[in-house]
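Student:
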Amino acid sequence: MLHVKGPLLTVDVGAHDTRTTDIADVLESFIGGRGVATRLAHERIPFDADPLGHENSLFFTTGPMQTSNMSFTGRTNCTGVSPLTGGLLSSNAGGFISRNVADTGYGAVEITGESDELVALHVSDEGVEFEAVPELDGATVPEVTEYMADEHGLSEEHTACIGPAGENLVRFASIMTTESRAFGRGGLGAVLGAKNVKAITFEGDSRRTSDIDSIQMDIHREAATSDSLMKEQGTTNVTDLANQVKALPTRYFSELSYEGVEGINGEAVGSKKYKKGTCSSCAFACKLPTRDEERGIETEGPEYETVMAFGSNCDVDDVVDVMQSNELCDRYGMDTISCGNAVAAYLAANDEFGNTELIFETVEKIAHREGEGDLLAEGIDRFHDELGVDNWTVKGLSFAAHDGRKLHGQGLSYAVATRGADHMFTTMYTWEYPLVPNDEALPQSGLDGKPEFVIEQENARAMEDCGIVCRFARSFMTPERFEALFDEEYGTLLSVGERVVELERHFNNQRGIDRADDTLPYELPGFEAALEEYYAQRDWNEDGTVPDAVVDDDPVSAD
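With the numbering used here applied, the sequence shown covers 17 to 575.
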């Protein structure tokens with residue numbers, strides 16, 4: 017089976033110390049990416065670790081596909097305990113840093129401890145340099161990347177960093193790379209901020225190449241010649257469909273369609289796109305560099321989730337206003353979904369829907385924890401009672417844009433996902449809109465037969481994240497192609513994904529997360545029966561916990 021190669025590099029930022037560890041057994045069993053990071057985190061992070069404490073670690077990993085030049089592989093994984101959800105969380109970011117991480121020659125890089133001064137870490141195949149950077153205190157993401165270019169000759173493609181939001185421990189702060197690409201959702205930027213690490217750079221000439229099937233060139237060619245609408249509109253191409261089927265959250269989740277959708281839909285976003293945008297080695301080029309010359313705004317995006325969070329959910333029908341919110345989040349280093357939903361909750365509480373100036377002001381206040389921004393920076397799960405709004409989260413993570421009240425399988429997926437209300441954990445919406453041929457589609461309503469399908473997609477998405485293969489490769493990556501590329505039967509690859517999900521769930525169980533947390537803020541017909549079926553088919557306990565024996569049977573379990 018194809019897998020990542022190289023040792024684990026541990027960087028203790030408190031002791032300014034590094035060490036390497038042979039992890040060949042983990043790499044051979046878990047491929048790379050999310051799988052390797054999850055396995056290492058399960059072994060090396062104490063179950064009771066404070067997410068913002070020195071015992072929490074962040075693991076940066078690539079997959080074997082990052083040693084190739086195949087399209088859909090310009091991504092990097094980061095894993096740690098989330099300060100937003102309290103559980104183990106993996107996030108992967110696109111852009112151009114993945115090959116530079118691979119060039120260091122390490123199978124994984126662990127950041128642990130806590131520095132007593134603000135530092136930047138320079139990771140290379142020759143070791144690690146610890147640089148005190150007091151001048152970057154409070155710096156925005158563009159300012160950090162400019163510093164690395166000026167002082168070290170390293171472009172944004174080498175740099176992962178946090179903005180003021182990470183330093184201020186905003187619970188949904190992101191780690192940013194290539195300026196506009198985010199390790200988003202669960203607040204891993206706050207973990208880096210708690211460690212007093214402003215930036216990490218990666219470079220080297222020690223990439224451990226792998227023998228990857230030549231089918232990669234077929235995929236690359238098909239990506240280049242595809243006429244997918246995503247090349248013009250990115251993920252916003254689904255906006256009109258979501259609105260049509262009433263699955264577009266609006267005015268802080270109080271409605272399911274938006275009358276102003278034409279101002280923020282795919283066509284509106286596409287009209288602001290001024291050049292092609294892509295990730296490392298990818299010919300699909302579905303990213304969205306956008307510009308509005310009249311307002312002087314230039315950003316990347318917004319993607320569909322941001323269009324929902326800062327658009328329909330805030331009652332904003334001008335794509336340029338959404339672009340400005342998007343740019344502010346990128347500059348300060350915050351997840352656009354969690355930030356936009358938090359702002360929407362604040363607007364709902366104050367009857368201020370559509371007030372764009374208040375939105376921009378509130379985003380800035382959240383990033384700097386000023387005034388009411390200090391409360392909103394805690395996330396909806398922690399502030400909803402004080403504002404008197406409903407708690408639109410699962411496990412502390414606010415909802416993505418594909419509404420489970422209409423797409424019931426997606427709703428079940430939100431409830432059981434280890435990350436919470438995250439649409440990428442299964443991408444169930446793909447089959448329920450549907451975005452697949454009709455003979456593959458699932459009914460939008462009802463949960464009959466869906467627990468098994470949710471399990472299959474959880475395992476598949478986890479396996480892809482081990483690779484690491486982009487979600488948007490769906491039309492190009494058949495099971496047969498996975499087998500050819502990874503030199504393994506598809507069923508065995510899915511079993512790797514299954515073990516990753518089980519390890520995540522087991523880790524979270526030890527932190528007190530169980531069936532009581534597999535809930536939704538709305539009712540779905542047959543939900544409890546579907547939840548029981550899900551546990552039964554997973555061979556988990558009725559209380560939603562993973563039996564210890566499952567983890568003990570792990571072929572590379574801790575000594």
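Each residue gets a CB set at the ideal place from its N, CA and C atoms; glycine is no exception.
(1) Taking the C-alpha atoms as reference points, what is the distance between Ser107 and Asp346?
(2) Bridge partners of Asp33, per DSSP?
(3) What separation, rounded to the nearest whole angstrom, lies between the Cα atoms of Ile235 and Arg398?
(4) Tell me which same chain residues have a C-beta within less than 6 Å of the C-beta of Pro571, skipping the five on either side of it?
(5) In the DSSP assignment, find the beta strand (DSSP E) that holds Lys292 and state where it starts and stops.
(6) Any idea what DSSP makes of Cys330, helix, strand or coil?
(7) Taking the C-alpha atoms as reference points, what is the distance between Ala57 and Thr26?
(8) Using alpha carbons as the reference points, say which of Glu278, Thr322, Glu314 and Ala478 lies closest to Asp256.
(9) Thinking Glu130 and His32 are a contact (beta carbons under 8 Å), I'd like their distance in whole angstroms, please.
(10) Along the chain, where does the beta strand (DSSP E) that runs through Thr217 open and close?
(11) Ala198 bridges to which residues according to DSSP?
(12) Bridge partners of Thr78, per DSSP?
(13) Please list, in chain order, all residues of the same chain as Arg487 whose beta carbon is under 8 Å from its beta carbon, the five residues on each side excluded.
(14) Is Asp227 closer than 8 Å to Phe501 when the C-beta atoms are compared?
(15) Assess contact between the segment 102 to 118 and the segment 197 to 216, defined as three or more Cβ pairs (one per stretch) separated by less than 8 Å. Is contact present?
(16) Spell out the partners DSSP gives Leu413 in its beta bridges.
(17) Within the same chain, show all residues whose beta-carbon is closer than 7 Å to that of Pro537, passing over the 5 residues directly before and after it, in chain order.
(18) What residues are listed by DSSP as bridge partners for Arg311?
(19) When the Cβ atoms of the segment 448 to 463 are set against those of the segment 238 to 258, are three or more pairs found closer than 8 Å?
(20) Classify Val139 as helix, strand or coil using the three-state DSSP reduction.
(21) What do you get for Ala176, buried or exposed, if any count of 16 or more other CB atoms within 10 angstroms of its CB means buried?
(22) Nearest to Ala416 by CA position, among Thr266, Lys381 and Asp503, is which residue?
(23) According to DSSP, simplified to helix, strand and coil, what is Cys298?
(24) Leaving out the 5 sequence neighbours to the left and right, which residues in its chain are closer than 6 Å to Arg35 when beta-carbon positions are compared?
(25) The beta strand (DSSP E) that contains Thr175, what's its start and end?
(26) If you follow the alpha helix (DSSP H) that Cys345 is in, where does it begin and where does it stop?
(27) Between Glu219 and Ser114, which are expected to be in contact by the criterion C-beta below 8 Å, what is the C-beta distance as a whole number of angstroms?
(28) Exposed or buried, what is Arg187 when buried is set at 16 or more other beta-carbons lying within 10 Å of its beta-carbon?
(29) Mind checking whether Ala325 and Ile353 have CB atoms under 8 Å apart?
(30) Whole angstroms is fine: what's the gap from Ala574's alpha carbon to Thr193's?
Tutor: By the coordinates alone:
(1) Within the sequence shown, numbered from 1, the residue matching residue 107 stands at position 91. Within the sequence shown, numbered from 1, the residue matching residue 346 stands at position 330. Going from the Cα of Ser107 to the Cα of Asp346 covers about 16 Å.
(2) Stepping through the sequence shown from its first residue, residue 33 is reached at position 17. Answer is Asp28.
(3) For the purposes of this step, residue 235 is identified with residue 219 of the sequence shown, where counting begins at 1. For the purposes of this step, residue 398 is identified with residue 382 of the sequence shown, where counting begins at 1. For Ile235 and Arg398, the distance between alpha carbons rounds to 45 Å.
(4) To locate residue 571, count along the sequence shown from 1; it is residue 555. The residues are Ser45.
(5) Within the sequence shown, the letter at position 276 stands for residue 292. Element bounds for Lys292: n/a, residue is neither H nor E.
(6) Walking along the sequence shown from the start, residue 330 turns up at place 314. Cys330: helix per DSSP, three-state reduction.
(7) Start at 1 with the first residue of the sequence shown, and residue 57 comes out as number 41. Start at 1 with the first residue of the sequence shown, and residue 26 comes out as number 10. Approximately 12 Å between the Cα atoms of the pair.
(8) Here residue 256 refers to the residue found at position 240 when the sequence shown is read from its first residue. Nearest option by C-alpha distance: Glu278.
(9) Position 114 of the sequence shown, counting from 1, holds the residue named residue 130. Position 16 of the sequence shown, counting from 1, holds the residue named residue 32. 12 Å between Cβ atoms; not a contact.
(10) As a first step, residue 217 must be located in the sequence shown, where it is residue number 201. Per DSSP, Thr217 belongs to the beta strand (DSSP E) from Val213 to Glu219.
(11) If you number the sequence shown from 1, residue 198 lands on position 182. Ala198 pairs with Met192.
(12) Counting from 1 along the sequence shown, the entry for residue 78 is found at position 62. Looking at the DSSP assignment, Thr78 forms no beta bridge with any residue, so it has no partner.
(13) What you label residue 487 is simply residue 471 of the sequence shown in a count that begins at 1. Same-chain partners within the cutoff: Met440, Thr443, Arg477 and Glu480.
(14) Here residue 501 refers to the residue found at position 485 of the sequence shown. Here residue 227 refers to the residue found at position 211 of the sequence shown. With the sequence shown as reference, residue 501 is identified as Leu, and Phe is not the correct amino acid for it. Contact: no.
(15) yes
(16) Counting from one through the sequence shown, the residue named residue 413 turns up at place 397. In the DSSP output, where bridge partners are listed per residue, Leu413 has Val410.
(17) Indexing the sequence shown from 1 puts residue 537 at position 521. Hits under 7 Å: Asp406, Asn407 and Trp408.
(18) Start at 1 with the first residue of the sequence shown, and residue 311 comes out as number 295. DSSP output for Arg311 lists no bridge partner at all.
(19) yes
(20) Here residue 139 refers to the residue found at position 123 when the sequence shown is read from its first residue. Correct three-state label for Val139: strand.
(21) The count along the sequence shown starts at 1 and reaches residue 176 at position 160. So Ala176 ends up on the buried side.
(22) Along the sequence shown, read from residue 1 onward, the residue named residue 416 stands at position 400. It is Thr266 whose Cα lies nearest to the Cα of Ala416.
(23) Here the question's residue 298 lines up with position 282 in the sequence shown. Correct three-state label for Cys298: coil.
(24) Here residue 35 corresponds to residue number 19 of the sequence shown, with the count starting at 1. Closer than 6 Å at the Cβ level, and outside the excluded window around Arg35, lie Thr26.
(25) In the sequence shown, counting from the first residue as 1, residue 175 sits at position 159. Unbroken beta strand (DSSP E) run through Thr175: Thr175 to Cys177.
(26) As a first step, residue 345 is located in the sequence shown; it is residue number 329 there, counting from the start. It spans Val335 to Tyr348 - the alpha helix (DSSP H) in which Cys345 sits, taken as one unbroken run.
(27) The residue labelled residue 219 in the question sits at position 203 within the sequence shown. The residue labelled residue 114 in the question sits at position 98 within the sequence shown. Contact doesn't hold; Cβ gap of about 13 Å is too wide.
(28) Walking along the sequence shown from the start, residue 187 turns up at place 171. It is buried - the Cβ of Arg187 has at least 16 other Cβ atoms within 10 Å.
(29) Taking the sequence shown and counting its residues from 1, one reaches residue 325 at position 309. Taking the sequence shown and counting its residues from 1, one reaches residue 353 at position 337. Taking 8 Å as the Cβ cut-off, Ala325 and Ile353 qualify as a contacting pair.
(30) Within the sequence shown, residue 574 is the residue found at index 558, counting from 1. Within the sequence shown, residue 193 is the residue found at index 177, counting from 1. Bear in mind that a pLDDT of 45 at Ala574, under 50, signals an unreliable position, so the number given afterwards is only what the model happens to contain. About 33 Å.
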